[in-house]
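Residue numbers (the numbering used here), protein chains in the order written: chain A, 27 to 172; chain B, 2 to 201; chain C, 270 to 633.
Cβ atoms here follow ideal geometry from the backbone N, Cα and C, with glycine treated the same way.
No experiment lies behind these values; they were computed from the predicted model shown.
Take a look at the structure set out below.
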Amino acid sequence: MEAARRRVHRILALANAQALRQACAAICDATPAAMLRGPETGMVMARGRIGGSGAAFNIGDVSLTRASVRLANGAIGHAAHLGRDAGRVRLAAIVDALWQDPERRREIEDRIVAPLERFVEARDAKLGGEVAATKVDFFTLVRGED
Amino acid sequence: MPARSEFAAGFADPVRDSQTVFRAVMDAMAHPGRIVGVAPELTPPTPLTATSGAIVLCLCDSDTRLWIDDNSPPAVSEWLGFQTGAPLTGNPAEAAFALVLDGEASPSLGQFCLGTQEYPDRSTTLVMQVQSLTGGAPLRLTGPGIDGSTTIAPVGLPRDFLTHWAENRARFPRGVDVILCAPDSVVGLPRSVSLSPERV
Amino acid sequence: MYVAVKGGEKAIDAAHRLLADRRRGDRDVPALSLEQIAGQLGLAVDRVMAEGSLFDPELAALAVKQSRGDLIEAIFLLRAYRTTLSRFGYARPVDTAAMLIERRISATFKDLPGGQLLGSTFDYTHRLLDPALATDEAVDAPDHRAGDGAATPRVTDLLGDEGLIEPDAKGGAEPGDLTRISPEFPMDRDLRLQALARGDEGWLLALGYSTQRGYGRTHPFVGEIRIGEVEIEIDMPGLDFPVVAGRIRLTECQMVNQFKGSAKEPPQFTRGYGLVFGQSERKAMAMALVDRALRARDFGEDVVAPAQDEEFVIAHCDNVQATGFVEHLKLPHYVDFQAELQLVRAMRAEWASAPEDERREAAE
């Protein structure tokens with residue numbers, strides 16, 4: 027349950043704004059939602075680890091917008107996305123709230139989460155393929171005898 | 002999943018609302034003893050009033066440790082945690098801000114963070130909810146920011162407050178600052194103020 | 270010292286109007302859009318984000334435009350804006366091993382798992398100006414090759430197995446934050462890395478270079494450089510679990526340094542680490558060189574060179590502070606200078622009236 031909800035958060039956050047709006051607009055516009063907090067823009071401090079896996083240290087801040095909504099049925103949804111786009115974060119918070127309703131979950135998964143997941147995977151695969159084309163294929167020219 | 006009912010809304014217009022509240026608190030601290038009106042649109046969980054709730058929302062964020070008195074219902078700390086992101090602490094000596102809803106449940110002022118000689122500004126600021134700022138036993142205030150002397154008469158101060166305040170005053174430049182919060186107004190008590198019972 | 274002087278308001282207004290005009294330039298030429306700056310001057314935007322210490326490509330592009338391409342001015346603008354944003358908290362540390370790789374090379378291992386991925390690099394270009402770029406000629410789409418899906422573990426994790434390389438120092442303690450506490454020396458490595466990550470690229474480049482030329486030699490090899498996007502995971506009030514809020518691009522450099530051993534440590538490979546916002550290989554490499562140089566004391570090395578001097582390096586690495594202090598000299602110092610003038614005149618009069626031999630004595 028928690029893992030499934032985290033997955034929804036992740037996909038909504040990784041999709042670009044246009045894809046997110048396209049997937050969510052119809053359902054979210056038909057869902058009255060009261061703002062509990064935000065949408066508000068601030069920042070979070072990004073952290074790395076010394077050497078990649080050692081002790082943590084602070085790299086620098088990243089702009090972030092977050093929002094929390096309450097639907098008519100009392101369900102509460104949250105969202106936080108990097109950047110300053112309040113509109114997309116509000117939509118994502120509504121999706122998070124709707125998803126928690128077992129009766130709506132299937133619909134949200136099919137109409138919003140699944141298409142966005144395909145969008146993110148396709149985008150990552152395109153980038154991965156472009157980078158893979160620059161992979162060095164070493165071959166040995168001459169090998170000296172010992 | 003059941004929704005948590007403690008999530009009440011915060012400021013409707015966070016920037017404007019917190020600026021208004023900040024201005025009022027600043028005026029109150031700059032003019033100790035002056036009753037400054039603060040009546041924000043806010044419905045925090047009881048017994049937190051709109052005024053003291055708004056002050057905590059305005060002053061606290063994820064960088065400020067917040068102490069809340071033991072008799073406060075969990076809904077209060079959950080709402081403040083959700084709205085401000087302030088980490089809660091059970092130790093008054095490490096609090097940047099303290100919310101006192103029940104004066105009887107509050108430790109003496111000396112148990113909060115008093116700052117250091119080098120950094121007296123690192124002490125706790127107490128947001129202390131009282132029933133009223135008028136109608137109680139009159140107290141005489143003197144000190145910086147007051148022309149001569151002035152009088153307040155709050156109802157609902159913790160027991161022995163005057164004694165603890167005198168100790169606080171004696172620690173200057175260390176010491177706590179207090180914002181007394183009635184349901185619709187506040188009075189600032191910076192550590193530089195002397196308090197004594199008014200002779201009637 | 271400088272003093273407030275009145276007057277000049279009209280001149281200042283006119284200067285700002287002139288600045289706006291010169292920034293816009295020839296009105297017959299289309300104005301730059303932020304998309305153009307972020308999309309086509311991406312590495313300038315990356316530098317502004319790294320040293321401005323705020324990851325937000327759109328704001329950094331605006332800063333580049335507003336500063337007319339003066340990147341230190343742009344960094345200053347972004348830092349100033351940054352102070353108006355409230356800090357919601359600290360993200361979970363990023364996992365660079367799970368990076369969506371855009372470039373990944375190693376100078377120490379040819380056949381590393383996952384391979385060498387050149388990505389979009391200036392390396393192997395001939396550094397000949399390309400007249401074709403002066404026009405708007407069509408550009409070919411990049412090649413595409415089905416990825417093999419091979420994992421790309423960090424090189425230093427591979428070396429670690431043999432015990433030949435120092436392991437990552439684990440630390441459970443909450444890292445220090447330079448944006449919340451004033452720096453004190455000696456400084457822990459986490460704080461030094463934070464300062465270097467937002468430090469001036471030119472300063473770090475020069476210091477890194479100085480170690481290569483013999484001022485605090487560290488015998489470095491590039492174990493690995495990787496560039497790509499990592500997920501930022503945050504905790505937010507109201508949720509009991511962390512969530513991904515998006516991705517940011519980072520450049521990581523693992524420098525591996527041959528170390529002949531000391532009374533304290535056996536011979537082994539020691540390490541310097543660089544991690545920077547955006548695509549910024551030069552900065553990440555320089556940061557890793559300087560990080561290693563600053564660890565001299567940890568390995569019982571003599572501290573003899575500027576790059577090993579913690580206070581010297583860290584206290585001068587912030588270009589916003591540096592430019593503020595250097596550039597403040599152009600503000601009116603009329604009163605100080607009047608005082609200095611009087612003093613010099615008095616000293617000259619004294620000097621002129623003194624006999625020759627007394628002058629010689631005074632000079633000695």
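Short CB-CB distance (under 7 angstroms) between residue 83/B and chain C: Translated into the one-based positions of the second sequence, residue 83/B becomes position 82. Yes - at least one Cβ of chain C is within 7 angstroms of the one on residue 83/B.
Status (buried if at least 16 other CB within 10 Å, exposed otherwise) for residue 428/C: For the purposes of this step, residue 428/C is identified with residue 159 of the third sequence, where counting begins at 1. Its Cβ being crowded by 16 or more others within 10 Å, residue 428/C is buried.
Same chain only: Cβ atoms within 7 angstroms of residue 584/C, ignoring 5 sequence neighbours per side: Taking the third sequence and counting its residues from 1, one reaches residue 584/C at position 315. Closer than 7 angstroms at Cβ, skipping near neighbours: no residue.
Same chain only: Cβ atoms within 8 angstroms of residue 307/C, ignoring 5 sequence neighbours per side: Walking along the third sequence from the start, residue 307/C turns up at place 38. The residues are 314, 326, 327, 329 and 330.
Unbroken beta strand (DSSP E) run spanning residue 225/C, endpoints: What is shown of chain C runs 270 to 633, which leaves residue 225/C out entirely.
Limits of the alpha helix (DSSP H) - the one that residue 534/C falls within: Against the third sequence, residue 534/C aligns to sequence position 265. Note, residue 534/C: premise wrong, no alpha helix (DSSP H); not H, not E.
From 302/C, 573/C and 312/C, residue whose alpha carbon lies closest to that of residue 334/C: By 1-based counting over the third sequence, the position of residue 334/C is 65. Selected option, being the one with the closest Cα: 302/C.
DSSP state of residue 4/B mapped onto helix, strand, coil: Translated into the one-based positions of the second sequence, residue 4/B becomes position 3. Residue placement at residue 4/B cannot be trusted, given a pLDDT of 38 that sits under 50; what the coordinates show is reported in the next sentence. DSSP places residue 4/B in coil when its eight states are reduced to three.
Residue-chain proximity (residue 28/A, chain B), Cβ-Cβ < 7 angstroms: As a first step, residue 28/A is located in the first sequence; it is residue number 2 there, counting from the start. No, residue 28/A lies away from the interface with chain B (no Cβ there is under 7 angstroms from its Cβ).
Closer than 7 angstroms to chain A by CB, residue 4/B: Within the second sequence, numbered from 1, the residue matching residue 4/B stands at position 3. Interpretation of residue 4/B is limited by its pLDDT of 38, a score under 50 that renders its predicted location unreliable; the figure taken from the coordinates is listed afterwards. Yes, contact with chain A.
As assigned by DSSP and simplified to three states, the class of residue 39/B: For the purposes of this step, residue 39/B is identified with residue 38 of the second sequence, where counting begins at 1. Here residue 39/B sits in coil by DSSP.
With 16 other Cβ atoms within 10 Å as the buried cut-off, status of residue 623/C: Within the third sequence, numbered from 1, the residue matching residue 623/C stands at position 354. Residue 623/C should be labelled exposed.
C-beta contact flag for residue 553/C and residue 545/C at 7 angstroms: Taking the third sequence and counting its residues from 1, the one referred to as residue 553/C is at position 284. Taking the third sequence and counting its residues from 1, the one referred to as residue 545/C is at position 276. In contact: residue 553/C and residue 545/C (Cβ atoms closer than 7 angstroms).
Residue 61/A: contacting residues in chain B (beta-carbon distance under 8 angstroms): Residue numbering aside, residue 61/A sits at position 35 when the first sequence is read from its first letter. Correct list: 10.
Backbone CA spacing between residue 277/C and residue 144/B [nearest angstrom]: For the purposes of this step, residue 277/C is identified with residue 8 of the third sequence, where counting begins at 1. For the purposes of this step, residue 144/B is identified with residue 143 of the second sequence, where counting begins at 1. In a straight line, the C-alpha of residue 277/C is about 41 angstroms away from that of residue 144/B.
Simplified DSSP assignment, three categories, for residue 135/A: Taking the first sequence and counting its residues from 1, one reaches residue 135/A at position 109. Looking at residue 135/A - three-state DSSP - the assignment turns out to be helix.
According to DSSP, residues forming a beta bridge with residue 87/A: Stepping through the first sequence from its first residue, residue 87/A is reached at position 61. Its beta-bridge partners are 71/A and 323/C.
Cβ-based neighbour list, residue 53/B, same chain, cut-off 6 angstroms, excluding 5 preceding and 5 following: Along the second sequence, read from residue 1 onward, the residue named residue 53/B stands at position 52. Result list for residue 53/B: 128, 130 and 182, in chain order.
Residues of the segment 540-563 of chain C with Cβ closer than 7 angstroms to any Cβ of chain A, in chain order: 540, 542, 544 and 546
For residue 164/B, the first and last residue of its enclosing alpha helix (DSSP H): Counting from one through the second sequence, the residue named residue 164/B turns up at place 163. First-last of the alpha helix (DSSP H) with residue 164/B: 162-171.
Min CB distance residue 91/A to chain C below 7 angstroms: The sequence position of residue 91/A within the first sequence is 65, counting from 1. By this cut-off, residue 91/A is not an interface position.
Any C-beta of chain A under 7 angstroms from that of residue 74/B: In the second sequence, counting from the first residue as 1, residue 74/B sits at position 73. No, no contact with chain A.
Start-end ranges of the beta strand (DSSP E) lying completely within the segment 417-503 of chain C, minimum 3 residues: 489-503
Under 7 angstroms by beta carbon: chain A residues contacting residue 1/B: Since the first and last residues shown for chain B are 2 and 201, residue 1/B lies out of range.
Sheet register partners of residue 524/C (DSSP bridge): Counted from its first residue, the third sequence places residue 524/C at position 255. 491/C and 541/C.
Residue closest to residue 189/B, alpha-carbon to alpha-carbon, out of 168/B, 172/B and 142/B: Residue 189/B sits at position 188 when you count from the first residue of the second sequence. If we check each option's Cα against that of residue 189/B, 142/B comes out closest.
Cross-chain neighbours of residue 15/B in chain A, by beta carbon under 9 angstroms: Residue numbering aside, residue 15/B sits at position 14 when the second sequence is read from its first letter. Those within 9 angstroms of residue 15/B in chain A are 63, 64 and 66.
Nearest neighbour of residue 425/C, chosen from 287/C, 607/C and 522/C [CA to CA]: Here residue 425/C is taken as the residue at index 156 of the third sequence, counted from 1. It is 522/C.
Three or more C-beta pairs below 8 angstroms linking the segment 89-109 of chain A and the segment 511-520 of chain C: yes
Cα-Cα separation, residue 122/A to residue 89/B: As a first step, residue 122/A must be located in the first sequence, where it is residue number 96. As a first step, residue 89/B must be located in the second sequence, where it is residue number 88. Cα-Cα distance, rounded: 27 angstroms.
Short-range partners of chain A found in the segment 512-538 of chain C, where Cβ spacing is below 9 angstroms: 512, 513, 514, 515, 516, 517, 519, 521 and 523
Rounded separation between residue 32/A and residue 503/C - CA only: Against the first sequence, residue 32/A aligns to sequence position 6. Against the third sequence, residue 503/C aligns to sequence position 234. Computed Cα separation, rounded: 11 angstroms.
Distance between residue 119/A and residue 46/A (C-alpha atoms, nearest Å): Residue 46/A sits at position 20 when you count from the first residue of the first sequence. Residue 119/A sits at position 93 when you count from the first residue of the first sequence. The alpha-carbon atoms of residue 46/A and residue 119/A are separated by roughly 12 angstroms.
Residue range of the unbroken alpha helix (DSSP H) whose run includes residue 28/B: Counted from its first residue, the second sequence places residue 28/B at position 27. Counting along the chain, the alpha helix (DSSP H) containing residue 28/B begins and ends at 15-31.
Anticipated Cβ contact below 8 angstroms, residue 110/A with residue 89/A, distance rounded: Residue numbering aside, residue 110/A sits at position 84 when the first sequence is read from its first letter. Residue numbering aside, residue 89/A sits at position 63 when the first sequence is read from its first letter. Contact flag correct, Cβ pair sits at about 6 angstroms.
Neighbourhood of residue 2/B by C-beta distance below 8 angstroms, restricted to the same chain and skipping five residues each side: By one-based count along the second sequence, residue 2/B stands at place 1. Interpretation of residue 2/B is limited by its pLDDT of 36, a score under 50 that renders its predicted location unreliable; no figure is taken from the coordinates.
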